[in-house]
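Chains as they are written, first to last, in this note's numbering: chain L, 9 to 119; chain B, 3 to 116.
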């Protein structure tokens, strides 16, 4: 699976959009981009995934560049409850469904 | 829909003792995972089951760790004997069969080895 690079930490003002970048320059054609987050003292929570088209759900939007070498997770109106570690994971879609977590980005939403 | 259940939530033991963790996945989920998360790091997969068969246990320290999933439903993870470096949160997750399906995680068991 391709490796991802994320900033160690980011701050965001409450009510503003949080834009979390992820670099995956060695991604291959059959690898999806997944985002999970982990709120303190909880297990990780799935947010969104995509292959090459931009995706949106009730939690967030995922913007993948045309060359697929990077992506951005957007939380449109961040709240204090969005403070968490956000993991960007690149995964080959094959039998086994394995996720390899890195260190992630600590997002702090401040009032 | 009930989530992934884990017990106990916290456990403190002395080194060289044994410990067991239990996980009950979401009903109908065929795939079950055990992860180890050391403080400050992302979760690391220890073992993955598909029904009651092992799909991947390449990162399970088999000299001290064991896991089983009898009847393809709930699962136990055991450490015997524990070492100081086993102090971590042990997370259980489950997912339905499928290539891109999301994994649902339980709250984890925090193990402290003294």
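C-beta atoms are modelled at their ideal positions from N, C-alpha and C, and glycine is treated no differently. All values derive from a computational prediction rather than experimental measurement.
Beta-bridge partners of residue 56 of chain L (DSSP): L:43. In the three-state DSSP reduction, residue 89 of chain L falls in the helix class (H, G or I). Rounded to whole angstroms, residue 71 of chain L and residue 119 of chain L show a C-alpha spacing of 26 Å. Among the residues facing chain B, residue 40 of chain L is included, as its CB has a counterpart in that chain under 8 Å away.
Contacts with chain L (Cβ-Cβ distance below 9 Å) from the stretch 101 to 116 of chain B involve 101, 102, 103, 104, 105, 106, 107, 108, 109, 110 and 112, listed in chain order. For the stretch 12 to 46 of chain B, the set of residues with a beta-carbon nearer than 9 Å to any beta-carbon of chain L comprises 33, 35, 37, 39, 42, 43, 44, 45 and 46, in chain order. Residue 100 of chain B has its alpha-carbon roughly 16 Å from the corresponding atom of residue 58 of chain B. When the beta-carbon positions are compared, residue 10 of chain B and residue 114 of chain B stay at least 8 Å from each other.
Between residue 55 of chain L and residue 40 of chain L, the gap from beta carbon to beta carbon reaches 8 Å or more.
Not flagged as an interface residue toward chain B: residue 94 of chain L, since no C-beta distance is shorter than 8 Å. In terms of CA proximity to residue 87 of chain B, B:116 leads the group B:102, B:69 and B:116. Linking residue 64 of chain L to residue 82 of chain L through their CA atoms gives a straight-line distance of about 9 Å.
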